[in-house]
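Below you'll find the structure, written out as structure tokens, and then a few comments.
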Amino acid sequence: MPSDDDDDSPTSTINRDNFVPPFTPLKRVQSLQSREPSIIDDRPEPPSPKDGYVGRWTASRLFSMSFSLLMAVVAIHTTGVACMIALMHGKPEDHNPKSRSQRHLRELNAFVTLMPILFATVMGRFFRALALWRAQKGITVGNLERFIGCQSMYTALHTQLAMRPFSIIGLLIMAIWVLPPIASQAFLHLIDLSDTYVSGTATVKYLRVSKAAQDTVKITQGASMPLAKKLLSSGVFFQMALLMHAFVNSPQDFKGYVKVPSVHSLTPAKGGWDPTEWRHMDHSQPIAYSSLMGIPIAGLKDGANTTANFQFPSRHWTVICSDIESSELDPEEFAEKYNWDRQAFAMDLALPDGMRPSQSFWPMRVMTLKGNPSADAFADRVLDYQSYGLPLPKVPVNVAHCTIGVQKVVSNVSCLGLNCEVDSMLLLNEVQSYDNPVQYPSSLDAEDQTAGVTSNGWTGWSITKSVWNPGLWDDIDKTHVMPAGKPLLEIPSSGTPVQGLRMVLQTLPLASALQEEILVDNITDSDSLAFTRYKNAVGATNAELWLDGNNDGFVSRQYYPWPDYSSIPLEEFSARLETLINTWWQAFFMPAYYETNLQDHPVFDKSNRLIFKNSDPSTPFNDTAASISEPGPRVYRCRWGYIFVVLITSMIMTTAAGATIVFDFLTIAPNILGFASTYTRDNANIPDSGEGSYMSGTQRASALNGIMVRVGDVKAREAVGHISLTTDLRNPTALRKDRQYD
12 MPSDDDDDSP TSTINRDNFV PPFTPLKRVQ SLQSREPSII DDRPEPPSPK
62 DGYVGRWTAS RLFSMSFSLL MAVVAIHTTG VACMIALMHG KPEDHNPKSR
112 SQRHLRELNA FVTLMPILFA TVMGRFFRAL ALWRAQKGIT VGNLERFIGC
162 QSMYTALHTQ LAMRPFSIIG LLIMAIWVLP PIASQAFLHL IDLSDTYVSG
212 TATVKYLRVS KAAQDTVKIT QGASMPLAKK LLSSGVFFQM ALLMHAFVNS
262 PQDFKGYVKV PSVHSLTPAK GGWDPTEWRH MDHSQPIAYS SLMGIPIAGL
312 KDGANTTANF QFPSRHWTVI CSDIESSELD PEEFAEKYNW DRQAFAMDLA
362 LPDGMRPSQS FWPMRVMTLK GNPSADAFAD RVLDYQSYGL PLPKVPVNVA
412 HCTIGVQKVV SNVSCLGLNC EVDSMLLLNE VQSYDNPVQY PSSLDAEDQT
462 AGVTSNGWTG WSITKSVWNP GLWDDIDKTH VMPAGKPLLE IPSSGTPVQG
512 LRMVLQTLPL ASALQEEILV DNITDSDSLA FTRYKNAVGA TNAELWLDGN
562 NDGFVSRQYY PWPDYSSIPL EEFSARLETL INTWWQAFFM PAYYETNLQD
612 HPVFDKSNRL IFKNSDPSTP FNDTAASISE PGPRVYRCRW GYIFVVLITS
662 MIMTTAAGAT IVFDFLTIAP NILGFASTYT RDNANIPDSG EGSYMSGTQR
712 ASALNGIMVR VGDVKAREAV GHISLTTDLR NPTALRKDRQ YD
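Going from the sequence shown to this note's numbering is simple: count from 1 and add 11.
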């Protein structure tokens, strides 16, 4: 219970600790000038004659003006560098490290880092100078705050976004301050090096394969060609074919020679056959080439960016097959038309009555064995039937009826460095399909192996060809007509196109599966000069497998790979047969050209003949003009969008730096904006800080360097507080979240 002495006076509710009696002495406040503990003695002394004036050229002002001049020079230099870079556009690359262009390029790397720093320095000083000059003349508080808040990219964007309402000035300020990062990256992309190309003409040499074939024939004209020549060619042929397996669909062979596409790979003609129509490759399907061997080309320049375009004529065999049928032959009929021991398959050429030997196309028949892949080889079946005394089984065969003819073309070749391909062709003639029924001579007439019996006695086998002529276009009597009913008689001994073709077709089956060579003086009847298969006659030959497009190149996964051509599209079969025949034909005269490297500065004599390693000359090469485009000196190319960004940014910097110098010259007001010491000016809560109004912000901060201040509540005893900068550091002046302020 309260005592009787308690009363209801107002003083009874006052906390004793919060009560300040009237006789308590006031705390002494340090003076701005003397910092002596006496209030009475802390009075500012009268300013000296040199103090208290504004607009004078003091050391601080001179330093500020000099720094502004330096920033203006740097800004002008930035603009100059951008202009010099722009003037380098189209000029050739300069490799001299001391040249002016190289110096400017090195400066670009420095400006990538310096650009944001320079921009912030120049623009920060500009907006401060502008704010002070406008404050001297008169300005709204909002605009003054917008200018003062532009000392960095962050403060500029923060100030403009925080100020309300938005203004055009704020938007322009934000647009200006987003330029430095963009300009910094623009310096990285101002200029680049661009390749230039020099166009001209050059001479490219190419081999006329038909002429090379003729030269091969003329070397041996008048003499029988030994069978060893055929065997050598067969070995070269299949060695090349296996090497070229990876280049089947390539526009060049493994030596880089240009392969001529087959007619079957061209886009269809717009109308009928037109010798002036350039027909392009049909890239909707794999490109088939007329041969696995290309045309030797010399004179190309090796360069990653060197292009060449030229044309050359050539001739090859084109094959058009009209049908493929399955048949079975009696053993007697088979023995007459198909010598199992001597050849792997038959390729017969017919000479219908009335046809000239210089005819451009002839009927042709291809006959191969067709068997059951899971069954034994046909030779084993024959032995089984003979051992049991049974009639010999019928021979299943594939029979393809085709037309083969001379195709004259002009190939348009495009090259990138040494990589060339034919992109379009002119067909100078049309090979038509010959569908009339004809009689085919026996394929056994291809070889003449008579015993050599002379007056001196036995001389061994005469292993020769009656005629060996792979040449296509010899100088012959074009008016000679084949006698009716006697297609093999009266063929000129010098060789004709049809005779050369006939020898090519009949020697290919004989050598397509060569296993060994036996060339001795004494050969028994049981010996075979060229085994067409293994002696047990297992499986088809590589050539037969090639004709079957279902096989992977020359390899079959079957143990007895007897092909069935009935399911192969005629267009594909024709193209593969054409490739096989032309590759075999080129194998007669191409080995020497594969022993040299035409891409490594070959040597030619005055007659344009290639000199082989053994010093023998080749068939003369022909010249053709080529359009060459090769790299020239690299030139500088400016990226004008980036140049524009850098020029705009540097011009803004230059203008701002120049304006800063003008404002520094015109402004006499002390630089008090944006400094913490400015909040001590005319502040009743900071005693004795009113002197020195002429001082700048940094000067005043130096004078008040030791005074402790805080942002606190200067009306702590009132119901609503007031926030201000004060020197009162006592606890009641601390700001609280639960207190309201005016």
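Beta carbons are placed, not taken as given, at the ideal position from N, Cα and C, and that holds for glycine.
Since the model is a prediction, treat every value here as computed from it, not as a measurement.
Trp651 and Asp105 have their C-alpha atoms roughly 21 Å apart.
Counting only the Cα atoms, Gly310 lies some 10 Å from Asp634. Residue state for Ser638 is assigned as strand, using DSSP reduced to three classes.
A residue is called buried once 16 or more other Cβ atoms fall within 10 Å of its Cβ, and Gly416 is buried on that count. Here DSSP, grouped into helix, strand and coil, assigns Asp675 to helix. Listed as beta-bridge partners of Arg219 by DSSP are no residues whatsoever. Taking a 10 Å sphere around the C-beta of Ala224, we find 16 or more other C-beta atoms and assign the residue as buried.
With respect to the 8 Å criterion, Thr317 and Ala636 are not classified as neighbours on the basis of their beta carbons.
A straight line joining the alpha-carbon of Ser425 with that of Lys419 spans about 20 Å.
Pairing Phe265 with Leu556, the inter-Cα distance amounts to about 22 Å.
When the five nearest sequence neighbours on each side are left out, no beta carbon in the same chain lies closer than 6 Å to the beta carbon of Ser713. If you draw a straight line from the Cα of Phe356 to the Cα of Leu519, it is about 9 Å long. Exposure of Gln751 is indicated by the presence of fewer than 16 other C-beta atoms within 10 angstroms of its C-beta. Its Cα nearest to that of Pro262, the residue Ser301 stands out among Arg290, Ser301, Thr278, His275.
For Pro272, the beta-bridge partners assigned by DSSP are Tyr300.
In this structure Val330 is buried. Its beta-carbon is surrounded by 16 or more other beta-carbon atoms within 10 angstroms.
Closest by C-alpha distance to Ser205, out of Cys649, His88, Gln113, is Cys649. In the DSSP assignment, Thr132 falls outside any beta strand (DSSP E) and lies within the alpha helix (DSSP H) extending over 111-148. DSSP places Gln597 inside the alpha helix (DSSP H), whose first and last residues are 581-597. Ile697 and Ile734 have their alpha carbons spaced roughly 13 Å apart.
Put simply, the backbone Cα of Ile298 is about 49 Å away from that of Phe198. In its chain, beyond the 5 residues on either side, Gly310, Phe321, Thr635, Ala637 have a beta carbon closer than 6 Å to the beta carbon of Val215. In this structure, Ser661 and Ala97 do not form a Cβ contact; the two beta carbons are roughly 12 Å apart against a cut-off of 8 Å. The residues Ile683, Phe686, Ser688, Thr689, Thr691, Arg692, Gly703, in chain order, have a CB closer than 8 Å to that of Arg711 in the same chain once the five nearest residues on each side in sequence are set aside. Taking C-alpha positions only, Leu438 is separated from Arg290 by approximately 8 Å. About 6 Å separates the CB atoms of Leu168 and Trp188; that is less than 8 Å, so the two are in contact. Rounded to whole angstroms, Leu429 and Asn107 show a C-alpha spacing of 32 Å. By the 16-neighbour rule on beta-carbons within 10 angstroms, Leu609 is buried.
Annotated three-state conformation of Tyr576 is helix, per DSSP. Tyr399 is bridged by DSSP to nothing; it lacks a bridge partner. When secondary structure is reduced to three states using DSSP, Leu429 falls in the coil class, being assigned neither helix nor strand. Proximity to Met378 across Met174, Thr414, Ile335 peaks at Ile335, based on C-alpha coordinates.
The beta carbon of Phe632 lies closer than 6 Å to those of Lys216, Leu218, Asn619 in the same chain, with the five residues before and after it left out. In the three-state reduction of the DSSP assignment, Arg747 falls in the coil class. Beta-bridge partners assigned by DSSP to Met378: Ala357, Val410.
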